[in-house]
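A.B. asks: Please find one structure pasted underneath; my questions will follow.
Chains as they are written, first to last, in our numbering: chain A, 84 to 379; chain B, 2 to 243; chain C, 167 to 450.
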């Protein structure tokens with residue numbers, strides 16, 4: 084029984100990461116109106132930047148974390164004009180083109196990471212960041228939680244709550260929701276669509292960068308293929324929950340985390356991943372518009 | 002038809018405005034004027050260009066040629082959010098309220114550019130529209146058509162506009178509610194808001210407006226005081242069935 | 167024929183077909199990446215059938231085509247009408263599951279690969295015959311009522327539905343056809359290379375074929391025909407250090423074309439212009 088609970092807690096930590104990634108993705112979808120397919124790849128890119136800075140500064144955690152988060156924000160803001168540009172091209176919003184653009188960016192990042200950083204070998208994060216050497220961070224009887232898992236869970240809770248607070252209690256959040264519901268109507272009441280869109284890029288950059296740090300702590304390592312793997316799962320989660328459905332993303336993200344943790348706990352090997360994918364595949368085929376409905 | 006020279010200072014001037022969507026000419030050399038404190042109505046059938054004109058004034062469409070001047074300053078090339086900040090607010094066709102957001106949130110969106118004093122403004126709005134006060138926590142999608150129209154108007158007030166554009170407020174509303182809405186517009190006008198109104202309900206609109214313009218296929222056909230237009234035989238035939 | 171040239175032409179034919187396999191569902195805005203999984207599955211099946219059961223190339227080819235078609239057809243019941251995004255994810259997931267299965271299945275060689283697939287005389291000829299036949303049918307499709315329906319569906323799905331287009335059936339048809347082509351590509355590839363490795367069927371093929379489709383132009387079949395051999399040949403003539411950056415080069419090309427000329431190089435207007443110049447059609 085305790086193993087079960089331990090796995091569930093691990094699953095919640097992993098699930099928090101998925102939730103953060105899905106939420107960032109959904110925000111970009113709802114407010115910037117793009118399908119940033121490779122958003123998780125950008126997050127992994129930030130992990131690498133953090134790793135590089137850690138290496139250059141003698142494992143200075145503050146600098147490493149800052150670099151990771153800043154790089155994500157910057158990358159988003161720099162690529163924002165590209166997305167805006169191709170959205171305008173067809174007169175109406177051409178969302179599929181944004182997906183292809185995002186995939187192109189992902190291709191470039193992944194190949195760059197495979198070629199140029201650490202010769203494509205996986206990178207490992209220093210112990211002072213991951214807290215690996217300390218052993219378990221928290222212990223309840225036989226249940227223990229690593230520092231990474233603890234942070235992922237708490238930061239996940241804080242950020243998601245913070246996000247919902249932002250969305251429902253602030254001026255920015257109101258603008259985000261209005262644009263998400265009706266971009267045309269939002270324009271007609273004088274909401275600055277462009278500026279708000281850019282804000283969503285910055286916000287999701289921050290979200291992504293933070294998630295990168297959390298993953299560095301939780302997983303302790305990264306590889307060029309991680310972005311694609313993660314991306315695949317995150318996107319499947321968002322489809323199953325329903326594109327743009329924030330609350331749905333929360334539920335399905337956590338569910339996937341728990342599912343994976345349980346499967347990994349009782350079944351080892353790459354089959355565990357495959358099983359998760361098969362379940363997701365079935366879910367998509369049965370309900371291509373998502374369990375909780377699309378907000379698109 | 003005799004052109005009626007408007008009295009008082011002009012708050013909005015539209016000069017030779019032409020707008021096209023792709024190959025379709027939505028507006029062709031449109032000239033209208035609104036004076037401070039007036040209610041001016043745009044009359045015309047569907048597709049006559051009333052909504053296009055309003056949205057262009059608001060800065061949503063690209064102008065082919067012509068100019069829009071508000072309070073003496075040209076706003077033709079400005080973006081919608083800047084124009085709203087200058088003091089024009091649109092009550093869109095179909096209300097345009099955000100159904101998934103609460104009444105309060107919808108109202109706050111109206112004050113997006115200047116949240117200072119929004120509490121007082123909301124109190125004022127709730128005293129003018131008590132029903133909205135009762136429903137302030139409710140999601141806008143649960144409001145009736147008339148309530149939504151009130152919400153859309155109240156939202157406009159939250160931006161402390163100098164001029165309100167109201168696009169077809171009577172659509173889909175029961176006659177009694179339509180009367181209420183027009184009463185509200187007249188009351189607001191008396192409080193000092195200039196109103197440009199587009200309507201298919203010609204009789205009611207002309208009854209509450211000072212002046213009107215008749216539009217057809219993107220052009221201004223006729224203009225005059227509301228009395229002149231009400232007595233105009235062509236208008237009576239075309240729109241009033243007399 | 168020299169070996170490099172043979173190799174170039176062989177893989178070029180496969181890329182042309184794979185890009186066409188991507189082109190067809192994209193006529194209705196579906197990025198049906200599952201065709202890569204079809205390629206892997208049929209390729210492995212064909213290779214296995216030839217090495218273990220002694221099947222002839224022809225039989226393997228036919229089986230591969232059918233397997234590809236049937237698999238895509240079955241999956242299309244779920245995604246024939248789905249948003250593009252869902253189609254993409256299903257494709258990715260299938261590729262992942264296929265790859266994992268192959269890697270863990272010793273009978274088909276696992277991660278070590280499958281070897282000893284027999285050589286076939288005139289394989290290159292057969293490949294290009296298939297290219298011509300497929301091109302012919304795509305041409306017929308594009309210039310038919312169905313092709314026009316697809317174009318309408320691409321621009322405005324709801325409008326197309328109101329015109330009586332059965333969007334689900336059209337989507338299923340195109341996905342099934344694409345799956346068949348994918349399967350054929352797999353078998354050709356297996357017999358060209360005489361070996362198969364799961365490493366080949368990665369997301370890199372997706373990136374490459376997608377770039378070919380968008381660079382060439384996704385509104386006509388001539389775009390892919392032009393872009394595939396070009397983009398495939400490019401890294402072969404560049405010095406090896408630069409060529410290893412292939413994926414980044416493709417990514418950059420993809421982004422540039424999206425920003426500058428999103429419909430691709432070969433557009434319908436361009437074709438009309440050429441036809442007018444060559445006096446193939448009369449100008450009113």
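We put the beta carbon where it would ideally sit given N, CA and C, even for glycine.
1. Can at least three beta-carbon pairs, one atom from the region 39-50 of chain B and one from the region 105-115 of chain B, be found at a separation below 8 Å?
2. Assign residue 237 of chain B to one of three DSSP states: helix, strand, or coil.
3. Measure from the C-beta of residue 256 of chain C to each C-beta in chain A and report whether the shortest distance is under 7 Å.
4. Write down the C-beta distance between residue 187 of chain A and residue 424 of chain C rounded to the nearest angstrom, noting that I regard them as a contact closer than 8 Å.
5. Using a Cβ-Cβ cut-off of 7 Å, state whether residue 360 of chain A counts as contacting chain C.
6. Identify, in the order they occur along the chain, each residue of the same chain with its Cβ nearer than 8 Å to the Cβ of residue 172 of chain B, setting aside the five sequence neighbours on each side.
7. Answer with yes or no whether the minimum CB distance from residue 144 of chain B to chain A is below 7 Å.
8. Any idea if residue 65 of chain B is buried or exposed, counting beta-carbon neighbours within 10 angstroms, 16 or more meaning buried?
9. When the distance is taken between beta carbons, is residue 337 of chain C closer than 7 Å to residue 201 of chain C?
10. Does any CB atom of chain C fall closer than 7 Å to the CB of residue 175 of chain A?
11. Quick check on residue 86 of chain A: buried or exposed, where buried means 16 or more other Cβ atoms within 10 Å of its Cβ?
12. Tell me whether residue 1 of chain B sits in a helix, a strand or coil according to DSSP, three-state version.
13. Who pairs with residue 223 of chain B in a beta bridge, going by DSSP?
14. Would you say residue 273 of chain A reaches chain B, if we count a Cβ-Cβ gap shorter than 7 Å as a contact?
15. Start and end of the alpha helix (DSSP H) containing residue 33 of chain B?
16. Can you tell me which residues form a DSSP beta bridge with residue 19 of chain B?
17. Report the three-state DSSP secondary structure of residue 97 of chain A (helix, strand or coil).
18. Taking only beta-carbon positions, decide if residue 162 of chain B is within less than 7 Å of chain A.
19. Leaving out the 5 sequence neighbours to the left and right, which residues in its chain are closer than 6 Å to residue 123 of chain A when beta-carbon positions are compared?
20. Can you tell me whether residue 167 of chain B is helix, strand or coil according to DSSP?
21. Could you give the residue range of the alpha helix (DSSP H) that holds residue 199 of chain A?
22. Residue 81 of chain B CB to nearest chain A CB: under 7 Å?
23. Measuring alpha carbon to alpha carbon, tell me which residue in A:277, A:256, A:143 and A:191 is nearest residue 116 of chain A.
24. Hey, does residue 190 of chain A have any beta-carbon neighbour from chain C nearer than 7 Å?
25. Figure out for me which residue from B:135, B:31 and B:97 has the closest Cα to the Cα of residue 69 of chain B.
26. Answer with buried or exposed for residue 204 of chain B, where buried requires no fewer than 16 other C-beta atoms within 10 angstroms of its C-beta.
27. Quick one: does residue 261 of chain A have its CB under 7 Å from some CB of chain B?
28. Can you pull the chain A residues whose beta carbon is under 7 Å from the beta carbon of residue 418 of chain C, in chain order?
29. How should residue 130 of chain A be labelled, buried or exposed, when 16 other C-beta atoms within 10 angstroms of its C-beta is the threshold for buried?
30. Between which residues of its own chain and residue 203 of chain A is the CB-CB distance below 7 Å, once the five residues before and five after are set aside?
31. Mind pulling the chain A residues with CB within less than 8 Å of residue 411 of chain C?
32. Starting from the Cα of residue 323 of chain C, find the closest Cα among C:360, C:389, C:246 and C:261 and give me that residue.
33. Starting from residue 72 of chain B, trace the alpha helix (DSSP H) in both directions and tell me its first and last residue.
34. Check the Cβ-Cβ distances between residue 285 of chain A and every residue of chain C, and say whether any is below 7 Å.
35. Have a look at B:178, B:189 and B:102 and flag the residue whose alpha-carbon is nearest the alpha-carbon of residue 157 of chain B.
36. In three-state terms, what does DSSP make of residue 248 of chain C?
C.D. replies: Here's the rundown:
1. Here the region 39-50 of chain B makes no contact with the region 105-115 of chain B; the two share fewer than three CB pairs at distances below 8 Å.
2. Secondary structure of residue 237 of chain B (DSSP, three-state): helix.
3. With 7 Å as the cut-off, residue 256 of chain C counts as an interface residue toward chain A.
4. For residue 187 of chain A against residue 424 of chain C, the beta-carbon gap comes to about 7 Å, under 8 Å, which counts as contact.
5. For residue 360 of chain A, at least one C-beta of chain C is nearer than 7 Å to its own C-beta.
6. In its chain, beyond the 5 residues on either side, 94, 95 and 201 have a beta carbon closer than 8 Å to the beta carbon of residue 172 of chain B.
7. False, the Cβ-Cβ gap to chain A never drops below 7 Å.
8. Exposed is the call here.
9. Cβ distance not < 7 Å, so residue 201 of chain C and residue 337 of chain C don't count as in contact.
10. Its pLDDT being 45, under 50, residue 175 of chain A is placed unreliably by the model, and nothing is read from it.
11. For residue 86 of chain A, the number of other beta carbons within 10 angstroms of its own is below 16, and it is reported as exposed.
12. Residue 1 of chain B cannot be examined here, being either before or after the span of chain B that is shown, 2 to 243.
13. Residue 223 of chain B is bridged by DSSP to B:215.
14. Judged by the 7 Å Cβ criterion, residue 273 of chain A is in contact with chain B.
15. If you look at residue 33 of chain B, you'll find it isn't in any alpha helix (DSSP H); it sits in the beta strand (DSSP E) that goes 25-36.
16. As computed with DSSP, residue 19 of chain B is found in a beta bridge with B:66.
17. DSSP places residue 97 of chain A in helix when its eight states are reduced to three.
18. For residue 162 of chain B, not one C-beta of chain A is nearer than 7 Å to its own C-beta.
19. Only 104, 310, 313, 314 and 317 meet the Cβ criterion.
20. Under the three-state reduction of DSSP output, residue 167 of chain B falls in the strand class.
21. 178-199 is the extent of the alpha helix (DSSP H) around residue 199 of chain A.
22. Cβ-Cβ to chain A under 7 Å: yes for residue 81 of chain B.
23. Closest in alpha carbon position to residue 116 of chain A, among A:277, A:256, A:143 and A:191, is A:277.
24. Yes, its Cβ sits closer than 7 Å to a Cβ of chain C.
25. When only C-alpha atoms are compared, the closest one is B:31.
26. So residue 204 of chain B counts as exposed.
27. The beta-carbon of residue 261 of chain A is placed less than 7 Å from the nearest beta-carbon of chain B.
28. Residues of chain A with a Cβ closer than 7 Å to the Cβ of residue 418 of chain C are, in chain order, 191.
29. Its Cβ being crowded by 16 or more others within 10 Å, residue 130 of chain A is buried.
30. Excluding positions up to five away in sequence, the list reads 197 and 307.
31. Near residue 411 of chain C (Cβ distances below 8 Å), the residues of chain A are 194 and 198.
32. Residue nearest to residue 323 of chain C within the set C:360, C:389, C:246 and C:261 is C:246 (criterion: CA-CA distance).
33. First-last for residue 72 of chain B: undefined, no H or E at that position.
34. Output row for residue 285 of chain A: interface = no.
35. Ranking the options by Cα distance to residue 157 of chain B, first place goes to B:189.
36. Correct three-state label for residue 248 of chain C: coil.
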